[in-house]
Structures are given as C-alpha cells and as structure tokens.
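Those protein sequences? They're chains A and B, same order as listed.
For the first sequence, the positions run 1 to 121 when my numbering is used.
For the second sequence, the positions run 1001 to 1121 when my numbering is used.
Everything on this sheet refers to the single structure shown next.
Protein chains: 2
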Amino acid sequence: MRMTEQRRAIRSAFKGAGRPLSPTEVLDLAGEEVPQLNLTTVYRNLKGMVEREELVQVPVPGQAVRYELAGLDHHHHFLCEGCDRVFDVPGCPGSIQRLTPVGFETTAHEVTLVGRCRVCA
Amino acid sequence: MRMTEQRRAIRSAFKGAGRPLSPTEVLDLAGEEVPQLNLTTVYRNLKGMVEREELVQVPVPGQAVRYELAGLDHHHHFLCEGCDRVFDVPGCPGSIQRLTPVGFETTAHEVTLVGRCRVCA
DNA sequence: TTAATTGCAAATGGTTTGCATTGTT
DNA sequence: AACAATGCAAACCATTTGCAATTAA
C-alpha cells in the first residue's frame, strides 16, 4: 500500500467533512486538492480502505452507500431531504433488539432519521 | 386504469407474500400465475401502484427498494442476511425523535433489524 | 374504436473491471 | 526493476424510457 497524493486527499476529505460521504462527495471534496482525481480511483480507494478497516460503509435507505471513518462510537444517521447529506447522530434508542420477532436472530440494526438539517430547516 | 391479467397477478403476489417484495420477487411470484409477465411491466405497475397509494416503498439499507401494501400500522423491517428477504416487524422503539440533533427537523425514521430469519437461523 | 397497457430493445446511472501506463519504493 | 496505483473505456446490474404492437373497455 503506497502513499499517493490522491489517497492522501481522500483521507483528508473524510477528516475535514466529519460526516459520512458518498463517492461523488469524496470526488468533489478531494478533487479540490487533487484536480485530476478520477472517480474510478475514488471507488478503488474506498474499497481498499474498507478492507483495511480505515472506513466503514454507511448504508442509507433508498440512497447510495456512504462511507465514514471506522472506530467511532455506536451511533446512527440523519439523512437530510433538502441537501441529501448524511450526518452522524450520537446515541441509540435502546430496546431495539426487543422488536426481534420470535425465532429470528438480530445481529445489527440501522436507524436513520429523515428530515431537514440545520441549514435546510 | 384497466384491469389486466398481469396487474391482477401482481396484486395477489403481495396479498400472498405478506411481506415486502422486491421487483424481482414480484416477477417470480406473479410469474407463476402469468408466465409471460415481463420485468418492465412489473416496474411500471409498481410505480403506478405507489402513485395510486396502493403500495408504499420500503427502502432497505444497502439493498434494492422493496414494496408493500399501503395502510399498514406503523412498523419496521427485518432484513435476513441468509435469504435477503425482508419481513415486517410490528412495533417501534419510542424515543427515536429525541435523537434528533439540535436545529434539525425529523419527519420520519427508518429502523431495520439485520440478522437471520426463522428459516435461516 | 381508441386510449391504456404491454414487450422489446435501447438508454440510463451508479459501480466495477480489464488492461496498458504511470509512479513509488 | 518490480509491482502497486491510476486512467480510460468497456462491462455490469438495476431501473427507466421510446416506440410500435396489443388489448380492455
């Protein structure tokens, strides 16, 4: 794993954003530092960073997958219908597991709030 | 809005399944009744049924959208990692709105449990 | 009869892959 | 030099659309 300019730019896009990013958002943000950045390269780097556990995927209902830095505390997400950006939401409504139907086994849960962010509200 | 054989079959696929269905699942299920059923027709009918509010979309994180009969009580969903089927989960952990960050407005929420269904567990 | 519905093929949008080229070490 | 990373074009997959043929009312 070599350290290239584009990889550096992709990393710092996540550091700077502080919220989950879509591949296109990564291209736009990192592309300011490295204008020749290619979308294919973004996809390949995101994939590699997930395999190396630097990033995790953030599946968003009805939307393209986002990515965020790995190792954050358990939290959930907010999808803004105005700007399509995704934000982290600290905390978790406990008592989610107890919804599990009899005979089923729950290993994870996704909670996504949908609405308007501070800017769009 | 004319009543065709294929539309009838699509309707009854939902009645019979009792769980959210993907377009492909609809094709498979309704295709048993109407073998010449075409995937394009399924997509067009699903879209029409959503506009007419007979169905609602069920966005599943990281997966293709599912559809289910409209008008059900508020509930959530369970995604089985074994068979990729989606099931309804009655109930709702209250206290979800209180996760909303200051300045944000929450208008809806999605909760998806992920794990193994009764058959796959 | 005639307007809605269908089927097929082609277009689309997001993501992935093959392969030759470039860049780090 | 050796091999990982990149760029481009083509392949993919799910979904949508154009258009001519079919069918319910």
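Glycine included, every Cβ here is placed at the ideal spot set by N, Cα and C.
Keep in mind the model is a prediction, meaning the values are calculated, not measured.
Within the same chain, show all residues whose beta-carbon is closer than 6 Å to that of residue i, passing over the 5 residues directly before and after it, in chain order.
i, result
"PRO59/A", "VAL65"
"PRO90/A", "HIS75"
"GLU1081/B", "none"
When DSSP builds the beta bridges, which residues end up paired with residue i?
i, result
"ARG111/A", "In the sequence as presented, Arg is not what sits at residue 111/A; that position holds Val. VAL1111/B, per the DSSP bridge assignment."
"ARG1077/B", "Reading the sequence as shown, one finds His at residue 1077/B and not Arg. Its beta-bridge partners are ASP1088/B, THR1112/B."
"GLU1105/B", "ARG116/A"
"LEU69/A", "LEU55/A"
Just how far apart, CA to CA, sit residue i and residue j?
i, j, result
"VAL1119/B", "VAL1042/B", "27 Å"
"ALA108/A", "MET1049/B", "32 Å"
"GLY62/A", "PRO23/A", "16 Å"
"PHE1122/B", "ASP84/A", "Residue numbering for chain B in the displayed model covers 1001 to 1121; residue 1122/B lies beyond these limits and cannot be assessed."
"ARG1116/B", "GLU33/A", "44 Å"
"LEU1140/B", "ALA121/A", "This structure cannot speak to residue 1140/B, because chain B is shown only from 1001 to 1121."
"ILE10/A", "LEU72/A", "18 Å"
"SER12/A", "ARG1002/B", "56 Å"
"ALA17/A", "VAL86/A", "11 Å"
"CYS92/A", "PRO1035/B", "46 Å"
"HIS77/A", "GLY1094/B", "17 Å"
"GLN1097/B", "THR4/A", "43 Å"
"LYS47/A", "LEU27/A", "14 Å"
"VAL1102/B", "VAL102/A", "37 Å"
Skipping 5 residues on each side, what residues in its chain have a beta carbon closer than 8 Å to that of residue i?
i, result
"GLU68/A", "PHE14, ARG19, PRO20, LEU21, LEU55, VAL56, VAL58, ASP88"
"ARG7/A", "ASN45"
Please look up how many angstroms separate the CB atoms of residue i and residue j, rounded, as I've assumed it's under 8 Å.
i, j, result
"GLU110/A", "THR1112/B", "5 Å"
"GLU1053/B", "ALA1070/B", "5 Å"
"VAL1114/B", "THR100/A", "That belief does not hold up - the Cβ atoms of VAL1114/B and THR100/A are roughly 11 Å apart, past 8 Å."
"ALA1030/B", "LEU1037/B", "6 Å"
Next on the checklist: Report the start-end ranges of each alpha helix (DSSP H) in the stretch 1014-1067 of chain B that is 4 residues or longer and not cut off at the edges.
Outcome noted: 1023-1033, 1039-1051
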